[in-house]
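What follows is a set of notes on a single structure, which appears directly below.
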Amino acid sequence: MSAVFPPRMMAAATPIMPVLPLPPFSVSVLHFRNKEGSVRMNYRQKSHYTVFVLIIVMIMIGIGTCQALEFQQQVIDLAGRRVAVPRRIDRIVALGPGTLRLVAYLQAVDKVVGIEEFERRNISFFLRPYAAVTTERLKTLPVVAPGGAGKLPDMEQLMACRPQLILCIGLDVAQVENLQQKTRIPVLFLSYGELGVLRQEAIESIRLLGNVLGKEERAARLIDFIGFVRRDLRQRVQSTRDGGRSTVYFGGIAYKGGQGLTSTEAGYFPGRLVQACNVADFTRRSGHLFIDPEQLMLWNPDIIFIDASSIPTIINDSQHNQTFYRLLKAVKSGKVFSLLPYNQYNTNIEIALANAYFIGRQIFPDVFADFDMVEKRRQIFRLFLGNPGPEQLPAYSSLSLADARLAQK
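Quick note on numbering: the numbering used here labels position 380 of the sequence shown as 380, and the sequence is numbered without any gaps.
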């Protein structure tokens with residue numbers, strides 16, 4: 001019976017050469033004795049023997065290669081690298097911002113054998129929902145890396161976990177190649193694309209992971225749902241006849257912690273999903289930025305949405321700047337609302353989609369009035385995480401800034 005090797009090592013193993021007798025014709029025709037009586041081999045005999053050995057070696061290598069290929073598949077990661085991975089994977093490590101989130105989306109957390117220190121921290125459900133539903137299950141696993149973009153793992157701890165596959169986000173291609181060479185373990189480069197935007201890279205990462213982890217159907221379900229939500233939101237907005245669309249402002253956007261009202265984001269992704277007229281886009285910039293209070297007064301948006309993680313900071317700020325808040329049109333008309341922060345260690349896709357529905361509901365109430373927001377959010381969370389989350393979250397409700405007192409209704 002031939003030896004059975006683990007899938008990763010099989011291709012590198014050297015086949016054992018069997019001891020075989022020489023062909024009879026070689027022995028009978030080409031042997032002769034010298035003066036001392038010893039048997040010597042002439043040139044013709046050596047040639048026959050060499051060819052025979054080479055044939056056997058080639059056969060054995062071919063058998064070993066075929067056996068190895070039976071246990072491997074070739075995939076192309078998000079960096080365009082061709083990587084050979086085991087066909088069945090039971091042990092993985094997820095490194096970098098948002099990698100474990102994708103594993104959780106695919107319901108493959110049971111395959112994780114080592115985690116980052118960052119992922120062990122207790123955190124509020126509304127900041128990173130996937131962490132809240134996986135921390136208890138994973139916090140006893142060995143720590144293999146500190147966590148964060150560009151942070152490499154501890155090689156000794158990583159190897160002790162004996163993963164079959166390493167998943168990475170936030171490392172550059174050179175780091176990924178170096179990690180694979182040092183560990184001799186396949187490493188897949190994944191990506192969400194641009195931070196805070198649901199790019200095609202995120203969809204392709206879900207699809208690729210579904211393929212290599214044996215979760216194809218689960219990946220297809222998530223991708224189909226994301227496509228459905230995009231179409232649903234677009235069709236709702238296109239059905240409106242609102243020629244003078246309300247202007248909106250997204251304030252208190254967290255940046256290394258809670259921020260004041262003047263912390264905002266141009267190109268706010270959930271707002272873009274419902275074609276919101278974001279006044280921060282007038283700056284012709286993208287991503288996070290801080291503005292002057294005077295600029296917000298000039299824009300004076302019809303609706304203000306506040307990042308829930310910054311509500312305590314804005315409470316404190318409102319107590320010292322009462323005049324500023326009272327002059328804002330949205331505050332006077334009672335059109336200030338809270339949203340969940342959707343970027344925390346990369347993009348919480350489920351939160352981004354839920355936020356989009358709530359934003360659409362405030363801008364276009366007529367075409368977004370056919371659902372209960374709490375149930376919509378719980379439906380989305382249940383699909384992505386298998387957990388609808390708590391009934392009450394510090395978001396998706398109106399905020400009162402009247403008389404510089406902030407109260408959530």
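For glycine and all other residues, C-beta sits at the position ideal for the given N, C-alpha and C.
Ordered along the chain, which non-local residues of its own chain (more than five positions away) have a Cβ less than 8 Å from that of residue i?
| i | result |
| --- | --- |
| S28 | With a pLDDT of only 40 at S28, under the threshold of 50, the placement of this residue in the model should not be trusted, and no figure is reported. |
| V212 | Q73, V75, V85, I89, L165, L188 |
| D281 | A266, G267 |
| K215 | L106, Q107, A108, L209 |
| M155 | K182, T183 |
Cβ atoms of residue j and residue i: under 9 Å apart, would you say?
| i | j | result |
| --- | --- | --- |
| S191 | L78 | yes |
| A330 | D302 | yes |
| M159 | T134 | no |
| L127 | L152 | no |
| I351 | V229 | no |
| L195 | N355 | no |
| L102 | F225 | no |
| Y130 | L385 | yes |
| G271 | I359 | yes |
| A395 | S310 | no |
| P293 | N316 | no |
| G252 | T313 | yes |
| A220 | R231 | no |
| L171 | A149 | yes |
| L100 | I123 | no |
| P186 | V274 | no |
| K111 | R87 | no |
Near residue i, which residues of its chain fall below 7 Å by C-beta distance, leaving aside the five closest residues on each side in sequence?
| i | result |
| --- | --- |
| R218 | L106, Q107, G210 |
| Y325 | S318, V331, L401, A404 |
| V197 | F269 |
| L393 | F126, L340 |
| A276 | V248, I359, I363 |
| E201 | L78, S191, Y192, G193 |
| D307 | G252, I253, A254, L339, P341 |
| P390 | F125 |
I believe residue i touches residue j by the beta-carbon criterion, under 8 Å. Please report the beta-carbon distance rounded to the nearest angstrom.
| i | j | result |
| --- | --- | --- |
| L141 | V113 | 7 Å |
| V144 | C161 | 6 Å |
| I169 | G80 | Not quite, the Cβ-Cβ distance comes to about 16 Å (not below 8 Å), so this is no contact. |
| P163 | V93 | 4 Å |
| E117 | L138 | With 8 Å as the limit, E117 and L138 do not qualify as a contact, their Cβ atoms being about 12 Å apart. |
Excluding the five sequence neighbours on either side, which residues of its own chain have a C-beta within less than 6 Å of the C-beta of residue i, listed in chain order?
| i | result |
| --- | --- |
| R305 | In the sequence under discussion, the amino acid at residue 305 is Phe, which differs from the Arg named in the question. Taken in chain order, the residues that qualify are F250, F337, L339. |
| Y357 | K376 |
| R361 | F368 |
| Q387 | Checking the sequence, you will find Asn at residue 387 rather than Gln. So the list reads V133, once near-sequence residues are dropped. |
| V279 | T247, Y249, W299, P301 |
| L353 | V229, I380 |
| T240 | F364, V367 |
| C66 | Confidence at C66 is low in this model, with a pLDDT of 46, below 50, so its placement is unreliable and no value can be given for it. |
| R245 | C277 |
Going by DSSP, what residues sit across from residue i in a beta bridge?
| i | result |
| --- | --- |
| H288 | E265 |
| G251 | T264, I306 |
| E116 | A145 |
| T135 | Answer is none; T135 lacks a bridge partner. |
| S420 | Summary: the structure shown does not reach residue 420, with the chain confined to residues 1 through 409, and so no result is reported for it. |
| G83 | As written in the sequence, residue 83 is Val, which differs from the Gly given in the question. Answer is V75. |
| V93 | G114, I166 |
| N343 | T347 |
| F189 | C168 |
| N278 | V248 |
Handout entry: the region 283-294 touching the region 371-378, judged by at least three CB pairs closer than 8 Å
Key = The region 283-294 makes no contact with the region 371-378, as fewer than three CB pairs between them are under 8 Å.
Practice task
Could you tell me whether the region 254-261 touches the region 226-243, using the rule of 3 or more Cβ pairs below 8 Å?
Solution key: Judged by pairs of C-beta atoms under 8 Å, the region 254-261 does not touch the region 226-243, as fewer than three such pairs exist.
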